[in-house]
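What follows is a set of notes on a single structure, which appears directly below.
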Amino acid sequence: MVELARIKASEPAEEITTALIEDGAVIVEGLLDADLLDRFNRELDPLLAAADPTHGGHFVNDTIAWFFGAHTRHVTGVTAKSPIFATKIMTHPVYRAVADAVLLPNCARYQLNLAHVLDRGPGSERQYLHRDELVWVHVPRPHPDLQLASVIALVDFTADNGATVVAPGSHRWPPERQVREDELVPAEMPAGSAVIYLGSTIHAGGANTTASEWRRGMHQSYCLGWLRTEENHYLTTPPDVARTLPRQSLELLGYAAHDALADGGGYLGVVELVDPIDLLTDGRL
Ligand SMILES: O=C(O)CCC(=O)C(=O)O
Ligand SMILES: [Fe+2]
14 MVELARIKAS EPAEEITTAL IEDGAVIVEG LLDADLLDRF NRELDPLLAA
64 ADPTHGGHFV NDTIAWFFGA HTRHVTGVTA KSPIFATKIM THPVYRAVAD
114 AVLLPNCARY QLNLAHVLDR GPGSERQYLH RDELVWVHVP RPHPDLQLAS
164 VIALVDFTAD NGATVVAPGS HRWPPERQVR EDELVPAEMP AGSAVIYLGS
214 TIHAGGANTT ASEWRRGMHQ SYCLGWLRTE ENHYLTTPPD VARTLPRQSL
264 ELLGYAAHDA LADGGGYLGV VELVDPIDLL TDGRL
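According to the numbering used here, the sequence shown holds residues 14 to 298 in order.
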């Protein structure tokens, strides 16, 4: 039986990064302390209570509708809806340290890709086993790590309630290699812990076979700063909201220019030829 390494959030981040690069995934125990977990869950409670598990049938296409199914309550664009997420969780030092190691060698700055709560209810089937990085299928292989992804357990994750399942080592497999059932591990973990995985690691939200438990998970990911992000942060978190956030959050939301001059490159994402974060912070935007 394959296992995932479990490392405490208080251990040096290099240990987490080493296990992640070795296995393609790692469980970080105690990422959110009890108080932060509780405050975040209380912010989410009313948003989830108002969420419709069918999402009104509104998805970008039919394949994505099938992928998420009709038993999941979604909160998307969490950066604008949860100040705790935008100021404490997206910028958590463990994510920063691991992303610095995994993503920064191949971009001038990395960014948030998406922030999506998946509250997977009874009846949710296992998601299609996938690699998150295939949203950038047009980047020729081999390529460097494009993405760092994570699901934080906001309730205890069990194999029965739909813990994320992961295929350790699959980040090194050729694209055509199929995964066998005995190669999958459920990321069982207590609330407040997280599974972190590479964009190239095969995984899926697990089936929720319980009668009444909702599996509340915070799915967030980061990607190289020169890629198009899955969520459009400028629309989910427009300047009026962004202005209330600290600089580090704005940078992760893509409000900072991607300036690759030091690497012999050019700039991306400017406004009036200026770094928009400067315009935003000094009141000109
Ligand atoms: O909810 C989960 O456990 C995983 C979600 C996921 O992999 C995805 O939506 O891409
Ligand atoms: Fe995924």
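For every residue, glycine included, the Cβ atom is placed at its ideal position computed from N, Cα and C.
Quick caveat: nothing in here was measured; it's all calculated off a predicted structure.
Between the options, which lies nearest to residue i when the distance is taken from Cα to Cα?
| i | options | result |
| --- | --- | --- |
| ALA26 | TYR235, GLN140, VAL115 | VAL115 |
| ASN54 | ILE97, VAL39, SER23 | ILE97 |
| GLU138 | GLY277, THR223, PRO259 | THR223 |
| THR177 | PRO157, VAL150, ASP276, ASP132 | ASP132 |
| ASP158 | LEU33, GLU16, GLY82 | LEU33 |
| ALA275 | THR104, ASN119, ARG52, GLY69 | ASN119 |
Hey, is residue i close to ligand 2, as in C-beta under 7 angstroms from one of its heavy atoms?
| i | result |
| --- | --- |
| HIS105 | no |
| ASP145 | yes |
Could you have a look at residue i and say whether DSSP puts it in helix, strand or coil?
| i | result |
| --- | --- |
| ASN126 | strand |
| SER163 | strand |
| GLY136 | coil |
| GLN261 | helix |
| ALA200 | coil |
| HIS143 | strand |
| ARG297 | coil |
| LEU116 | coil |
| ALA18 | coil |
| VAL179 | strand |
Skipping 5 residues on each side, what residues in its chain have a beta carbon closer than 8 angstroms to that of residue i?
| i | result |
| --- | --- |
| GLU28 | ILE20 |
| TYR284 | The sequence shown places Val at residue 284, not Tyr. The residues are LEU292, LEU298. |
| ALA269 | ARG122, LEU263, GLY282, ASP288, PRO289, ILE290 |
By Cβ distance, which residues of its chain are closer than 6 angstroms to residue i, with the 5 residues on each side in sequence left out?
| i | result |
| --- | --- |
| HIS129 | THR89, HIS232 |
| LEU45 | GLY205 |
| HIS246 | LEU266, GLY267 |
| VAL184 | According to the sequence displayed, residue 184 carries His and not Val. Hits under 6 angstroms: GLY37, LEU211, SER213, THR214. |
| GLU226 | ASN174 |
| ARG229 | ASP132, LEU167, VAL168 |
Leaving out five residues on either side along the sequence, give the residues of the same chain with a beta carbon under 7 angstroms from the beta carbon of residue i.
| i | result |
| --- | --- |
| LEU258 | ALA99, THR100 |
| VAL41 | ILE20, ALA22, ILE29, VAL107, SER206, ALA207, ILE209 |
| ALA162 | ASP145, TYR210, GLY212, SER234 |
At a cut-off of 7 angstroms, is residue i close to ligand 1 when judged by its beta-carbon and the heavy atoms of the ligand?
| i | result |
| --- | --- |
| ALA217 | yes |
| GLN233 | no |
| ARG133 | yes |
| GLN140 | yes |
| GLY90 | no |
| VAL164 | yes |
Ordered list of alpha helix (DSSP H) runs contained in the stretch 214-290, each at least 4 residues: 246-249, 252-255, 260-265
Sequence ranges, alpha helix (DSSP H) only - wholly within the stretch 21-88, length at least 4: 26-36, 47-62, 75-81
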